[in-house]
Every structure is written in structure tokens, then in C-alpha cells.
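UniProt numbering numbers the first residue of the sequence shown as 1 and each following residue consecutively. Working notes, beginning with the structure itself.
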Amino acid sequence: MTKNIKHIGLFTSGGDAPGMNAALYAVVKAASAKGIKVSGIRKGFEGLIDNDFVELKTKQLQKTMHLGGTVLKTARSERFRTVEGREVALQNIHDNHIDGLIAIGGDGTFRGISLLSEISDIPCIGIPGTIDNDTVGTDFTLGFDSAVNTAMNCIDNIRDTAESHNRMFVIEVMGRDSGYIGVYSGLTSGADSILIPESPQDMTYLLDKIHGYESEDAFIVVLSEGNELSIDRVSQQIRQVNDAIDLRVCKLGHIQRGGNPTAADRILGIRLGVAAVNALIQGESNKMAGICNNQPVLTPFSEIAKQHAIDAEQQSLVDLFCR
Ligand SMILES: Nc1ncnc2c1ncn2[C@@H]1O[C@H](COP(=O)(O)OP(=O)(O)O)[C@@H](O)[C@H]1O
Ligand SMILES: O=P(O)(O)OC[C@H]1O[C@](O)(COP(=O)(O)O)[C@@H](O)[C@@H]1O
Numbered sequence: 001m002t003k004n005i006k007h008i009g010l011f012t013s014g015g016d017a018p019g020m021n022a023a024l025y026a027v028v029k030a031a032s033a034k035g036i037k038v039s040g041i042r043k044g045f046e047g048l049i050d051n052d053f054v055e056l057k058t059k060q061l062q063k064t065m066h067l068g069g070t071v072l073k074t075a076r077s078e079r080f081r082t083v084e085g086r087e088v089a090l091q092n093i094h095d096n097h098i099d100g101l102i103a104i105g106g107d108g109t110f111r112g113i114s115l116l117s118e119i120s121d122i123p124c125i126g127i128p129g130t131i132d133n134d135t136v137g138t139d140f141t142l143g144f145d146s147a148v149n150t151a152m153n154c155i156d157n158i159r160d161t162a163e164s165h166n167r168m169f170v171i172e173v174m175g176r177d178s179g180y181i182g183v184y185s186g187l188t189s190g191a192d193s194i195l196i197p198e199s200p201q202d203m204t205y206l207l208d209k210i211h212g213y214e215s216e217d218a219f220i221v222v223l224s225e226g227n228e229l230s231i232d233r234v235s236q237q238i239r240q241v242n243d244a245i246d247l248r249v250c251k252l253g254h255i256q257r258g259g260n261p262t263a264a265d266r267i268l269g270i271r272l273g274v275a276a277v278n279a280l281i282q283g284e285s286n287k288m289a290g291i292c293n294n295q296p297v298l299t300p301f302s303e304i305a306k307q308h309a310i311d312a313e314q315q316s317l318v319d320l321f322c323r
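Below you can see the structure in the form of C-alpha cells.
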């Protein structure tokens, strides 16, 4: 059943991710083609609570598609976790005559926005924007491809030194509790070992591999930040097993989250932005727009809470290339 949406509220939330600006542009473009006004809400849930609404223009957003981060700014909001905070947010939604919401963020954002539906009938659609790729209901989240490319390029650079000095490097990549960035950046940069939260036993394989290892070659270990062992603990254990290894460590950190979005992330942002507007018009609510098997799909927020973990095929690639 179609719904007569006249005014959409649009915001980004949680960690920024390359491709978010393309999604913002696409939402405004698709909405204006249907005569729907779009207001941006700055700083995610914080802006909802502080009534920080701004008018969004297609022409301005068109020029920001190539930029990383989010021009609407983003935040993690403790106030939105409280009943009082959500009530103020809802009041501001009503006061601004918003009749549909589109939130770009990760699973945390969708958990938060689901709670609005418990106290109102405002329709909400989500767009998965996080470098971690830890959201079910889409093959890839916005920002993941850009972050992997950045991490891969950094590891390639580090390899130059590793090869020149026959050194071992332990390189920590982001991903919170998900090993996706670790697996994709590790496989594409030819890592010797990939340590991800989903597969704790890989540390044992690494230690076996370096036992008696004589540092006659480079050795790259890619460590996901969500692994049960920290970068310091991993290095310590490597040294305990083989103290002859010339070892260095490097945390890539937020370098991975910034930078211009890849073409893949821009097109994903465009597709998801259009899909989210269409979903609102079709009367959908409490669902996330995603792309599965190259087709737009909607998944209820209630199913998003499940962890999107590395699957058996991806694990088999790690086993083949890195053990
Ligand atoms: N259980 C929850 N209840 C209410 N709000 C939540 C909840 N989980 C997350 N949020 C809100 O969503 C925001 C973004 O979530 P976060 O996990 O930081 O990022 P992401 O959306 O990228 O996963 C949080 O700062 C908080 O305001
Ligand atoms: O920038 P912050 O707040 O330190 O958060 C770091 C976290 O944000 C991320 O970069 C992205 O996570 P979200 O998209 O879920 O916010 C994680 O990989 C990392 O653990």
C-alpha cells in the first residue's frame, strides 16, 4: 500500500563511512523527483534531540559525492539511549512535520530507531552505512569497499619495508567485532596470517608457523581489532615463541575510515538511497534497504541484530592462503 509521504527527515549516525554522501544525494534526488521535501538532521540522534534540522538541496549534495565522511555530520548519542531523549526526538520530528525517516548507520542505529516505532507510527527506513560490513540484509555496507581498499594500500606500503628488511609486521585493522576488513584486506595484500574474531584458533596456526622461522623473508600478519588478543598480546606471544624475529607493529586506525569513496561505494550509496525513498513511498517501515545478489531488498530491523559474520567460503580462503 503506497503512502503519501510529503517530508522526509534524513540523518547519518554511528561511525562515518565513505559513500554516505552519495546516499544522502540519492535520497534527496529521488525524493525531489516525487515532489517530496527532505530535511537533513545534523549529528544523527543528537541532532534529533537538539532540533538541528537543515534544508537539503540536490545541487549542493551532488558536489559532495566524492568526499569521505558525512556532510550531515554524525555522532554516537548516549541521550538517545534514554526514554526522555527519545521522547524529545519524537516531539522534534512532529514539530518539523516529518512524516518519514531515513537513517544511514549501522546495526546500533537501527536498534535505536526501532525504539521510535514503539512510541510512534512514524515510518522509518535504514541504509547500512558502516565500514565494518557487520549488518545482515545486505551483501556489503556503505564504506566497506573503500575501507578495504585503503587498508590494502597501507599494507602494500608496509610490505615494502617488510620485504626490504625481512621483517615481520603485525598490522591491526578495524572492524569492531567483525573480521570482514581483516579478511578482505589480508587476502588482497597477500598476508601470511589473518587473525579475526570469528576464528580464534588461527593464533595457534600462526605460532606453529613461526616456530623456528628464520626471518629470511617478509611476514605479514593482519589482525582484526575485535580479535580476543590485542596487538600487544599477539606481539608478545610471537616474541615468546621466536625472539629472533625482527618484529614491528602498526595500527591503521581511523586512516581506514576516511578518504574518497570508491566507485563501488558511490554506486551502492546511490542504489540504497533510491531504494529507501521507494520503500517509504510503498508504505514500508522498520526495514533496512540492502543489496543482496545484486538486487535491492528490504530486511526488517528485528532481523538486523544478528551478527553478519564471515561465512564458510571466506573462512576456507583464509585457511588456504594463510595457514
Ligand atoms: N539499544 C539501543 N537503544 C537506543 N539507542 C541505541 C541503541 N543502540 C544504539 N543506539 C544509538 O545508535 C547510535 C549509533 O550506534 P553505534 O553502535 O555507535 O553505531 P552504528 O550505528 O554504526 O552501529 C548510538 O550512539 C546510540 O545513540
Ligand atoms: O571512531 P570511534 O568512535 O573510536 O569508533 C571506532 C569504531 O568505529 C568503526 O570504525 C565503525 O563502526 P560503526 O560504523 O559501527 O560505528 C569500528 O570499526 C571501530 O571499532
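Every residue, glycine too, gets a C-beta built ideally from N, C-alpha and C.
Looking at the DSSP output, residue 290 sits in a beta bridge with 297. CA-to-CA, the gap between residue 71 and residue 285 works out to about 25 Å. Straight-line measurement puts the Cα of residue 199 at about 24 Å from the Cα of residue 143. When distances are taken from the beta-carbon of residue 151 to the heavy atoms of ligand 2, even the shortest one reaches 7 Å or more. Inside the stretch 96-173, DSSP marks whole alpha helix (DSSP H) runs of 4 or more residues at positions 107-119 and 144-165, from first to last along the chain. Distances taken from the Cβ of residue 2 to the heavy atoms of ligand 2 include none shorter than 7 Å.
In the same chain as residue 259, and ignoring 5 residues on each side of it, the C-beta atoms closer than 8 Å to its own belong to 18, 68, 146 and 150, in chain order.
The beta carbon of residue 321 sits closer than 7 Å to the beta carbons of 187 from its chain, once the five residues preceding and following it are set aside; these are given in chain order. About 14 Å separates the CB atoms of residue 272 and residue 31; that is not less than 8 Å, and the two are not in contact. Shown here, residue 314 sits in a helix according to DSSP, grouped into three states. Taking C-beta atoms as the reference points, residue 44 and residue 108 fail to come closer than 8 Å. Within the model, the alpha-carbon separation for residue 153 versus residue 189 is close to 8 Å. The beta carbons of residue 119 and residue 86 sit about 7 Å from each other, so the pair counts as a contact at 8 Å. Distance check between residue 114 and each of 97, 90 and 183 places 90 closest, using alpha-carbon atoms only. If you compare the alpha carbons of 112, 116 and 194 with that of residue 14, the shortest gap goes to 112. The beta-carbon separation of residue 163 and residue 218, rounded to 4 Å, stays under the 8 Å limit for a contact. If you check the CB distance, residue 27 and residue 276 come in under 8 Å. Excluding sequence positions up to five before and after residue 140, its CB lies within less than 8 Å of the CB of 133, 264, 268 and 291, all in the same chain and listed in chain order. Bounds of the alpha helix (DSSP H) holding residue 204 are 202-210. Taking C-beta atoms under 8 Å as the contact rule, residue 172 and residue 207 fail to qualify, at a distance of about 18 Å. Within the stretch 218-287, the alpha helix (DSSP H) runs of at least 4 residues that lie entirely inside it are, in chain order, 231-241 and 263-281.
In the structure shown, residue 46 adopts helical secondary structure according to DSSP, grouped into three states. Residue range 20-33 is occupied by the alpha helix (DSSP H) that includes residue 27.
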